[in-house]
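> Take 17 as the starting number for the first sequence in the working numbering and just add one per residue. The beta-carbon is built from N, C-alpha and C at its ideal position, and this holds for glycine as well. Before I ask anything, let me first share the structure, which is written out below as structure tokens.
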Amino acid sequence: MIIPREFYERDTLTVARELLGQILVRETDEGIVRGSIVETEGYLGLRDDAAHSYKGKSDRVRVQYGPAGAAYIYMIYGMYHCLNITTGPEGVPEVVLIRALEPVSGIGLMAKRRGTEKLPQLCSGPGKLCRAMAVDKALYGADLCSDGPLRLEYGKTPAETAASKRIGIDYAALCRDKLWRFTIAGNQYVSVRR
DNA sequence: ATGCAGATCGTCT
DNA sequence: GACGATCTGCATC
Numbered sequence: 017m018i019i020p021r022e023f024y025e026r027d028t029l030t031v032a033r034e035l036l037g038q039i040l041v042r043e044t045d046e047g048i049v050r051g052s053i054v055e056t057e058g059y060l061g062l063r064d065d066a067a068h069s070y071k072g073k074s075d076r077v078r079v080q081y082g083p084a085g086a087a088y089i090y091m092i093y094g095m096y097h098c099l100n101i102t103t104g105p106e107g108v109p110e111v112v113l114i115r116a117l118e119p120v121s122g123i124g125l126m127a128k129r130r131g132t133e134k135l136p137q138l139c140s141g142p143g144k145l146c147r148a149m150a151v152d153k154a155l156y157g158a159d160l161c162s163d164g165p166l167r168l169e170y171g172k173t174p175a176e177t178a179a180s181k182r183i184g185i186d187y188a189a190l191c192r193d194k195l196w197r198f199t200i201a202g203n204q205y206v207s208v209r210r
């Protein structure tokens, strides 16, 4: 069952936490792959100096100003992509970064795309999971609430979740210590354990 | 287990 | 012109 847009129209940190356990589905000519979300981070736009939209509108972040439940995808370090989901009301540029998945199905295809058979390494990082799921800028702005090539379905509610500091944003003097990263407690597929 | 260099290019100053 | 919401391989402890 596809998660409706109203789910994403709420407070960004609530959405970030409640995305844990939900299922990301990617369908291409090669087949269908699924992963359960085990790690997310909230990026709170104008009130978050780590957010791409901290300084307002630009071409890169334009989809963040549209409706919730859309894919905000960007390229990082010239070779990886990162997948985010837009949240909140229209006009509020906030997102949730998907940082890690637990592979659920289509594992053979993920392994082929990633060039490794090692299950814990297939989707344990934002760049890795985009590669495993063939997510790139062609999906920029895609609606995750409809029955398309990239969508989100209800999964299983995790027993216990945890909040921690976000990864790789030490440059953000104001918000680097905020506990805006969420994980499924004890899960083996998160990107960084602490 | 920890650390560092290199890859590689879109975005912003 | 500089740098990044990353990942990998290789070196060292």
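#1: Would you kindly work out how many angstroms separate the C-alpha atoms of Glu34 and Asp45, rounded to a whole number?
#2: Taking the beta strand (DSSP E) that Leu168 falls in, what are its first and last residues?
#3: Once the 5 residues before and after Val206 are set aside, which same chain residues still bring their CB inside 6 Å of it?
#4: Going by the CB atoms, is the gap between Pro142 and Leu195 shorter than 8 Å?
#5: Indicate whether Leu155 and Ile48 have their beta-carbon atoms separated by less than 8 Å.
#6: Is it buried or exposed, Asp75, if we count other Cβ atoms within 10 angstroms and call 16 or more buried?
#7: Apply the 10 Å Cβ neighbour rule to Ser162 and answer buried if 16 or more other Cβ atoms are within range, or exposed otherwise.
#8: Answer yes if the segment 99 to 110 comes into contact with the segment 119 to 129, meaning at least three C-beta pairs across the two stretches below 8 Å, and no otherwise.
#9: I need the boundaries of the alpha helix (DSSP H) containing Leu125, first residue and last residue.
#10: Rounded to a whole number of angstroms, what is the C-alpha to C-alpha distance between Arg167 and Tyr187?
#11: Suppose you measure from the CA of Gly107 to the CA of Leu62; what does that come to, to the nearest Å?
#12: Looking at the unbroken beta strand (DSSP E) that takes in Leu190, where does it start and where does it end?
#13: Starting from Arg147, follow the alpha helix (DSSP H) in both directions and report where the run begins and ends.
#14: Which value, in whole angstroms, describes the spacing of the CA atoms of Lys134 and Pro119?
#15: Per DSSP, what are the beta-bridge partners of Val31 in this structure?
So, from the listed chains and residues:
#1: 30 Å
#2: 166 to 169
#3: Once the five neighbours on either side are set aside, the close Cβ partners of Val206 are Val54, Glu55, Ala116, Thr199.
#4: no
#5: In this structure, Ile48 does not lie closer than 8 Å to Leu155 by Cβ.
#6: So Asp75 counts as exposed.
#7: Burial call: exposed.
#8: Result no; under three Cβ-Cβ pairs closer than 8 Å.
#9: 123 to 130
#10: In a straight line, the C-alpha of Arg167 is about 32 Å away from that of Tyr187.
#11: So the alpha carbons of these two residues sit roughly 11 Å apart.
#12: From DSSP, Leu190 is part of no beta strand (DSSP E); its letter is neither H nor E.
#13: 142 to 148
#14: 11 Å
#15: Paired residues: none, contrary to the question.
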